[in-house]
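S.K.: Top to bottom, those sequences are chains A and B.
Per our numbering, residue 74 is the first one in the first sequence, and the count goes up by one each step.
Per our numbering, residue 74 is the first one in the second sequence, and the count goes up by one each step.
All residues carry an ideal CB built from backbone N, CA and C; glycine is no exception.
Since we're looking at a predicted model, the values are computed, not measured.
Can you read through this structure? Questions will come right after.
There are 2 protein chains.
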Amino acid sequence: MLGGYTGKVLNIDLTTGNIEIEKYPDRMLRKYLGASGIAAKILYDRTDENTDPLGPENHLIYMTGPFTGTRVPSSGRHEITAKSPLTGIFGEGDVGGTWGVNLKRAGYDGIIIHGKAEKPVYILVEEGQVSILDGEHLWGLDTIEVDEKLKETHGPKTVTSCIGPAGEKQVLIASIMHDGKDARAVGRAGLGAVMGSKNLKAIAVIGSGKVDVADEEGLKECLKKSLPKIIANTQSLKQLGTAGGAVMAEKWGDIPVKNWSRGDWESIKNISGEKMAKTILKKRYFCGSCPIGCGRDIEIKEGPYKGVSGAGPEYETIGLLGSNCMVDDLEAIAYANELCNRLGIDSISTGSAIAFAMELYERGIIDERDTDGVKLDWGNGEAMIEMVKKIGSKEGIGELLGKGVKRASEEIGGIAPEFAVHVKGLELPAHDPRAMSSLAVGYATSNRGACHLHAGGFYFEKGVTMPELGYTEMQDRLSSEGKGQLTFHSQNIMCILDSLKLCKMLLFGKVTLTEIVEWIKYTIGWDDFTVEELLMAGERIFNLQRLYNVEYCSISRKDDVLPPRILSQPRLDRGTGDYLPPLGKMLYEYYQIRGWTMEGIPSEEKIKELDLDDRHVPLI
Amino acid sequence: MLGGYTGKVLNIDLTTGNIEIEKYPDRMLRKYLGASGIAAKILYDRTDENTDPLGPENHLIYMTGPFTGTRVPSSGRHEITAKSPLTGIFGEGDVGGTWGVNLKRAGYDGIIIHGKAEKPVYILVEEGQVSILDGEHLWGLDTIEVDEKLKETHGPKTVTSCIGPAGEKQVLIASIMHDGKDARAVGRAGLGAVMGSKNLKAIAVIGSGKVDVADEEGLKECLKKSLPKIIANTQSLKQLGTAGGAVMAEKWGDIPVKNWSRGDWESIKNISGEKMAKTILKKRYFCGSCPIGCGRDIEIKEGPYKGVSGAGPEYETIGLLGSNCMVDDLEAIAYANELCNRLGIDSISTGSAIAFAMELYERGIIDERDTDGVKLDWGNGEAMIEMVKKIGSKEGIGELLGKGVKRASEEIGGIAPEFAVHVKGLELPAHDPRAMSSLAVGYATSNRGACHLHAGGFYFEKGVTMPELGYTEMQDRLSSEGKGQLTFHSQNIMCILDSLKLCKMLLFGKVTLTEIVEWIKYTIGWDDFTVEELLMAGERIFNLQRLYNVEYCSISRKDDVLPPRILSQPRLDRGTGDYLPPLGKMLYEYYQIRGWTMEGIPSEEKIKELDLDDRHVPLI
């Protein structure tokens with residue numbers, strides 16, 4: 074048995090109620106590293122072009138990595154993978170919290186769910202015992218209520234992954250939420266709708282076993298060097314959370330303002346991490362094994378939003394529900410954030426959809442007859458909150474907006490697609506390719522659509538270094554030089570982190586690939602593992618996901634695009650001036666370095682080099 | 074009465090057989106200049122978003138300009154305008170020959186056709202008399218046969234505009250052909266299918282009247298300066314025809330090779346204008362009032378294509394059916410060209426569709442089962458000819474390819490859209506934006522889709538000058554600097570030429586805007602007309618066409634794109650190296666100069682400035 078790895082994956086067929094334990098060969102862990110890689114392989118094996126994302130044949134795959142549950146820093150994470158109903162392509166989400174750690178402690182690496190229960194159910198994994206239980210009484214509850222109810226039933230150590238009313242109603246931007254009031258989200262790509270389509274309300278886990286590693290003492294000793302460095306370099310995250318980045322992001326022209334149509338926005342200071350620290354912040358929140366603690370635990374004690382508490386808004390939520398809607402009321406955003414969490418919808422896609430609707434409203438394409446009387450003006454926090462409720466409840470115009478901006482704009486027709494800011498149907502997160510150039514090619518090519526956490530190059534434009542790859546200084550954010558190569562490297566690194574299960578915030582902690590290889594050695598026990606093999610595995614995983622999209626979803630270069638507004642409308646602000654990233658040029662460099670054809674298809678040589686020519690042989 | 078202008082337009086309802094004469098106010102000629110502008114206004118008035126391009130409600134508008142039929146050089150032209158069934162947006166085509174001149178001599182400026190005849194008919198305009206005649210005996214004939222048959226019936230002075238079998242079958246890339254064996258085409262945008270959808274086979278015209286101008290002697294005198302200059306500067310066109318540009322186009326990386334996927338191609342010399350001059354050329358052909366005579370009259374006297382005669386292949390045909398399919402057999406191309414003319418299909422879209430199919434065949438996406446056994450290898454002239462026949466006859470895979478590469482690629486699905494080189498559904502002509510940068514923004518924004526004759530900036534990158542606009546030297550073809558502005562100017566100039574009716578080849582003859590204003594003075598009689606008013610009219614016409622697309626066809630910046638291959642795959646040849654035009658940057662400059670919003674919509678201020686706020690008031 075390898076360390077950090079139970080080898081056991083639950084396979085649950087909700088149609089028949091059948092529960093099996095599957096085991097994949099150790100060598101497959103080395104080939105695909107863990108969570109994201111293994112789940113991508115299983116999705117590749119078990120779904121295809123005929124899979125309806127909302128049909129019983131779709132697979133919802135929960136997977137941990139070899140670091141999950143160990144003392145490796147910021148490793149308390151898991152991945153959820155499925156074919157996305159929002160985009161129709163490969164979908165996944167990485168999330169922290171404590172759910173993954175508990176699953177590992179209960180003795181399993183992951184859970185593969187397929188089929189569809191006849192009526193609402195939930196899954197209970199309790200120290201190795203697995204059951205499918207009647208979930209009728211949970212149906213209709215919000216995600217925090219579900220967590221409370223399951224803790225009442227199964228005890229306070231119960232940790233939940235669940236959907237809210239939005240997931241039940243198969244809203245296409247529905248999230249899967251974890252840890253109740255501490256709210257950790259698998260937000261993107263509408264995986265909550267997949268869970269809802271299976272009549273699965275929640276997975277409750279109780280685990281108290283120990284996650285073995287190859288060399289506990291060696292790991293402990295090794296981390297004595299890493300931990301102080303990580304802590305020293307992440308003080309800003311500790312003090313201000315991810316929202317601490319908002320002020321700088323506005324200065325750089327990075328955060329979206331007014332549905333991505335403008336730049337400078339002074340009101341950012343009213344919704345910043347600094348403001349939160351001075352007002353509603355209660356304490357920090359830590360995911361499993363994390364020394365940073367960037368999570369915010371907030372409480373609003375007075376005013377119209379009195380009573381809002383628990384997980385505070387992250388940078389992304391502030392960027393999309395805040396600046397992108399021009400709402401500068403932090404407490405309104407905090408309430409909207411709690412609503413998103415309770416109803417179970419992605420705050421990024423939701424904020425994007427609301428800003429999109431505000432632009433349509435301003436331009437007279439929709440009016441109060443469409444919004445049930447809501448005056449959808451820029452900066453109207455109450456209206457923004459009303460829209461969150463409508464989207465999460467699939468009511469009124471919320472039904473349309475909950476389909477995501479791509480579909481909504483196509484249904485509205487006319488000029489509406491101009492204002493829909495997405496790639497491959499996934500709304501852009503709150504980082505602008507016009508401010509950090511690598512995001513242009515990164516968003517255009519990332520496997521789940523526009524995603525900074527999959528693109529990754531922007532970390533290097535913010536000063537992250539990686540000496541093994543020659544990135545020893547901050548990359549010029551307003552230049553396209555070498556950004557194809559940077560995106561190649563950073564996407565592969567994102568796959569590595571998502572598979573081993575390491576939080577991307579560790580990059581700010583100046584963690585190196587060499588350190589990660591050390592951690593692998595002490596955790597899994599691979600003494601001969603190298604940085605080169607690690608990078609190759611990352612590249613393999615990225616290519617397997619691309620092949621899923623190419624072979625099953627007809628994705629090619631035609632889809633590797635940016636929305637018109639990003640491609641040809643400069644922000645004209647003090648951070649970016651009139652800079653526009655030249656996507657065509659960057660794509661050319663990128664495809665070449667990837668060893669893909671000019672249509673964006675992995676070449677036969679590259680597939681062979683990555684040992685993916687056996688990709689049609691099932692993992693298990 | 075203004076000179077060069079009958080003021081009379083025929084309005085023919087084919088459903089009822091009703092024929093009326095309409096008259097539009099003189100001031101509208103000054104506002105919209107003539108052919109293209111007037112026809113755009115009529116189309117704007119009489120069709121809208123509910124118009125099915127192939128329904129009886131579509132309007133097929135033949136229109137001459139104030140210069141047509143006068144001694145103004147290269148003015149023997151007319152325009153045909155309709156909503157395009159290929160692209161679904163504004164469609165038009167400019168054409169030379171003698172048909173327009175004859176219509177004017179018969180006493181009419183244009184013909185508006187709508188409705189649908191119960192069975193095949195043709196229209197006869199004979200010296201002012203107009204009739205709708207039974208066309209059953211013409212149905213099924215090719216375009217040259219129709220011309221011969223109508224000359225037999227109505228005499229040798231009869232000039233025809235007609236469709237071939239492709240137009241009858243509503244092939245979406247069907248052309249409308251003129252002048253029989255001298256074959257002058259309205260090729261683009263599938264207007265032949267509109268004619269077919271109306272059961273209208275031909276319009277035969279006999280006209281022997283005189284086209285009056287304001288000051289015959291003045292004009293004659295004035296032209297004494299212009300004509301020698303034009304003739305001196307167009308010697309190459311005279312000697313080698315448009316195909317004389319092929320060798321230079323290959324050297325510059327301008328002509329498409331292998332479905333736009335590569336550059337250098339030495340075999341160009343085998344299909345060049347020089348080669349034609351030495352082999353199959355019989356004599357030159359002149360459109361009405363033309364001092365240049367770039368048309369080629371050819372004859373193949375031996376070999377497999379013996380008997381081919383009449384209009385020889387133009388540069389575009391050589392680029393699309395030749396180099397783009399890698400066919401280096403000039404006689405095979407000449408035969409394919411005659412087939413395109415006889416069957417009535419656009420040789421540009423046809424060549425593009427065949428190259429597209431060849432790429433699918435090479436990549437195994439289609440095979441011999443799809444092609445009825447035709448081995449569709451690159452450079453296989455026989456196979457290319459077979460495909461022309463299939464497309465023109467709507468047989469086998471020709472039915473699919475005849476829908477144009479956009480629809481065909483969408484129906485095939487998967488990666489096929491990667492290989493479909495078009496903008497807004499119109500296939501690119503044989504000029505590459507990677508070689509002449511202005512074409513990037515020109516193709517992306519031209520009103521009928523990818524069209525060099527509407528974009529126009531490339532003329533200035535080939536050395537054309539226009540002193541009134543400050544273009545006094547050749548524009549750098551591999552730079553994006555100022556190309557938004559150049560495209561603004563050149564598109565407006567194209568509208569001016571298409572409306573007055575002047576051949577674009579006059580630009581090579583160094584004709585200036587000042588000269589054109591002189592010609593207007595002596596022809597129409599507007600003594601107070603200025604270069605500024607002329608340019609404003611061009612801009613007005615361009616914007617009216619854009620407004621048609623915006624208001625009736627949901628066109629906006631999202632559609633102002635380039636195909637992925639052009640945007641991000643360099644030719645890597647000796648002419649262009651790895652140059653890729655930065656479309657986003659150019660579009661930004663372009664929209665600003667146009668006074669359009671960043672969504673590509675004419676602003677209210679611009680609409681007012683151009684006096685287009687009354688655009689909903691009908692012309693007549």
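#1: Name, please, each residue of chain B whose Cβ falls closer than 7 Å to the Cβ of residue 661 of chain A.
#2: Assuming residue 529 of chain A contacts residue 564 of chain A under a Cβ cut-off of 8 Å, what Cβ separation, rounded to an integer in Å, is found between them?
#3: Residues of the region 492 to 510 of chain B with a CB closer than 9 Å to any CB of chain E: list them in chain order, please.
#4: Can you list, in chain order, the residues of its chain whose CB lies under 8 Å from that of residue 674 of chain A, leaving out five sequence neighbours each side?
#5: Excluding sequence positions up to five away, which residues of its chain have a Cβ less than 6 Å from the Cβ of residue 445 of chain A?
#6: Return the residues of the region 431 to 450 of chain A that lie within a Cβ-Cβ distance of less than 7 Å from chain B, sorted by chain order.
#7: Report the neighbours of residue 658 of chain A on chain B: residues whose CB is nearer than 8 Å to its CB, in chain order.
#8: Quick check: the region 394 to 414 of chain B against the region 190 to 208 of chain B, are there 3 or more CB pairs under 8 Å?
#9: Taking only the alpha-carbon atoms, compute the straight-line gap between residue 541 of chain A and residue 325 of chain A and give it to the nearest angstrom.
#10: Identify each residue in the region 388 to 399 of chain B for which the Cβ-Cβ distance to at least one residue of chain A is less than 9 Å, and report them in chain order.
#11: Any beta carbon from chain B within less than 8 Å of residue 627 of chain A's own beta carbon?
#12: Is residue 132 of chain B buried or exposed, if buried means 16 or more other CB atoms sit within 10 Å of its CB?
#13: Have a look at A:151, A:113 and A:301 and flag the residue whose alpha-carbon is nearest the alpha-carbon of residue 164 of chain A.
#14: Is the number of C-beta pairs between the region 333 to 344 of chain A and the region 112 to 128 of chain A that are closer than 8 Å three or more?
#15: Which value, in whole angstroms, describes the spacing of the CA atoms of residue 471 of chain A and residue 652 of chain A?
#16: Just grab the DSSP bridge partners of residue 669 of chain A for me.
#17: Only counting runs of 3 or more residues, tell me where the beta strand (DSSP E) segments fall wholly within the region 262 to 337 of chain B, in order along the chain.
#18: How about the region 173 to 190 of chain B and the region 78 to 92 of chain B: do they share at least three Cβ pairs that are nearer than 8 Å?
#19: List the whole-angstrom C-beta distance separating residue 319 of chain B from residue 336 of chain B, where the pair is believed to meet the contact cut-off of C-beta under 8 Å.
#20: Kindly give me the distance between the Cβ atoms of residue 596 of chain B and residue 384 of chain B, rounded to whole angstroms, as I take these residues to be in contact under 8 Å.
#21: Decide if residue 297 of chain A is buried, meaning its Cβ has at least 16 other Cβ atoms within 10 Å, or exposed.
#22: Classify residue 690 of chain A as buried or exposed, calling it buried when 16 or more other Cβ atoms lie within 10 Å of its own Cβ.
#23: Report yes or no: is there a C-beta of chain B within less than 8 Å of the C-beta of residue 488 of chain A?
#24: Please state whether the Cβ-Cβ distance between residue 669 of chain B and residue 103 of chain B is less than 8 Å.
#25: Does residue 674 of chain B come within less than 8 Å of chain A when only Cβ atoms are used?
#26: Three-state secondary structure (DSSP) at residue 547 of chain A?
#27: Can you have a look at residue 272 of chain A and say buried or exposed, based on whether 16 or more other CB atoms are within 10 angstroms of its CB?
#28: Quick one: measure Cβ to Cβ for residue 277 of chain A and residue 214 of chain A, integer angstroms, because I've assumed they're closer than 8 Å.
#29: Quick one, are the C-beta atoms of residue 506 of chain A and residue 524 of chain A less than 8 Å apart?
#30: Could you name the residues of chain B that residue 631 of chain A contacts, counting a contact when the two beta carbons are closer than 7 Å?
#31: Would you mind telling me which residues of chain B sit closer than 8 Å to residue 671 of chain A, beta carbon to beta carbon, in chain order?
#32: What is the DSSP secondary structure of residue 163 of chain A, reduced to helix, strand or coil?
#33: Quick one, are the C-beta atoms of residue 372 of chain A and residue 355 of chain A less than 8 Å apart?
#34: Could you tell me whether any non-hydrogen atom of the ligand ATP is closer than 7 Å to the CB of residue 612 of chain B?
#35: Which one of B:266, B:573, B:484 and B:243 has the shortest CA to CA distance from residue 152 of chain B?
M.R.: With the structure as the only source:
#1: Taking the first residue of the first sequence as position 1, residue 661 of chain A is located at position 588. Those are 641, 642, 643 and 653, listed as they occur along chain B.
#2: For the purposes of this step, residue 529 of chain A is identified with residue 456 of the first sequence, where counting begins at 1. For the purposes of this step, residue 564 of chain A is identified with residue 491 of the first sequence, where counting begins at 1. Confirmed, about 6 Å.
#3: In the structure shown, chain E cannot be found, because the protein chains are A and B.
#4: Taking the first residue of the first sequence as position 1, residue 674 of chain A is located at position 601. Once the five neighbours on either side are set aside, the close Cβ partners of residue 674 of chain A are 623 and 629.
#5: The residue you call residue 445 of chain A lines up with position 372 of the first sequence. These residues qualify, in order along the chain: 469.
#6: none
#7: Along the first sequence, read from residue 1 onward, the residue named residue 658 of chain A stands at position 585. Correct list: 641, 653 and 655.
#8: no
#9: The residue you call residue 541 of chain A lines up with position 468 of the first sequence. The residue you call residue 325 of chain A lines up with position 252 of the first sequence. One C-alpha to the other measures close to 28 Å.
#10: none
#11: Counting from one through the first sequence, the residue named residue 627 of chain A turns up at place 554. Yes, because at least one Cβ of chain B sits closer than 8 Å to the Cβ of residue 627 of chain A.
#12: For the purposes of this step, residue 132 of chain B is taken as the residue at position 59 of the second sequence. Buried.
#13: To locate residue 164 of chain A, count along the first sequence from 1; it is residue 91. Ranking the options by Cα distance to residue 164 of chain A, first place goes to A:113.
#14: Pairwise C-beta distances place the region 333 to 344 of chain A out of contact with the region 112 to 128 of chain A, as fewer than three of them are shorter than 8 Å.
#15: Position 398 of the first sequence, counted from the first residue, corresponds to residue 471 of chain A. Position 579 of the first sequence, counted from the first residue, corresponds to residue 652 of chain A. In a straight line, the C-alpha of residue 471 of chain A is about 35 Å away from that of residue 652 of chain A.
#16: Counting from one through the first sequence, the residue named residue 669 of chain A turns up at place 596. Bridge partners of residue 669 of chain A: A:675.
#17: 273 to 279
#18: yes
#19: Looking up residue 319 of chain B in the second sequence gives position 246. Looking up residue 336 of chain B in the second sequence gives position 263. Actually they are not in contact, since the Cβ atoms of residue 319 of chain B and residue 336 of chain B sit about 14 Å apart, beyond 8 Å.
#20: What you label residue 596 of chain B is simply residue 523 of the second sequence in a count that begins at 1. What you label residue 384 of chain B is simply residue 311 of the second sequence in a count that begins at 1. With a Cβ gap of about 29 Å, residue 596 of chain B and residue 384 of chain B do not count as contacting.
#21: Looking up residue 297 of chain A in the first sequence gives position 224. Exposed is the call here.
#22: The sequence position of residue 690 of chain A within the first sequence is 617, counting from 1. It is exposed - the Cβ of residue 690 of chain A has fewer than 16 other Cβ atoms within 10 Å.
#23: In the first sequence, counting from the first residue as 1, residue 488 of chain A sits at position 415. So, interface residue.
#24: One-based indexing of the second sequence puts residue 669 of chain B at position 596. One-based indexing of the second sequence puts residue 103 of chain B at position 30. No, they are not a contact pair.
#25: Your numbering for residue 674 of chain B matches position 601 in the second sequence. Chain A contact via Cβ: present.
#26: As a working mapping, residue 547 of chain A is identified with position 474 in the first sequence. Residue 547 of chain A: coil per DSSP, three-state reduction.
#27: As a first step, residue 272 of chain A must be located in the first sequence, where it is residue number 199. With 16 or more other Cβ atoms inside 10 Å of its own Cβ, residue 272 of chain A counts as buried.
#28: Within the first sequence, numbered from 1, the residue matching residue 277 of chain A stands at position 204. Within the first sequence, numbered from 1, the residue matching residue 214 of chain A stands at position 141. Contact doesn't hold; Cβ gap of about 13 Å is too wide.
#29: As a working note, residue 506 of chain A is residue 433 in the first sequence. As a working note, residue 524 of chain A is residue 451 in the first sequence. Their beta carbons are not under 8 Å apart, which means residue 506 of chain A does not touch residue 524 of chain A by this criterion.
#30: To locate residue 631 of chain A, count along the first sequence from 1; it is residue 558. Residues of chain B passing the Cβ test: 490, 491 and 637.
#31: Working through the first sequence from its first residue, we reach residue 671 of chain A at position 598. Within 8 Å Cβ-Cβ: 334, 638, 641 and 642.
#32: The residue labelled residue 163 of chain A in the question sits at position 90 within the first sequence. In this structure, residue 163 of chain A counts as strand in the three-state DSSP scheme.
#33: Here residue 372 of chain A refers to the residue found at position 299 of the first sequence. Here residue 355 of chain A refers to the residue found at position 282 of the first sequence. Going by C-beta atoms, residue 372 of chain A is nearer than 8 Å to residue 355 of chain A.
#34: Of ligands this structure carries none, so the ligand ATP is not represented either.
#35: Indexing the second sequence from 1 puts residue 152 of chain B at position 79. Nearest C-alpha to residue 152 of chain B: B:573.
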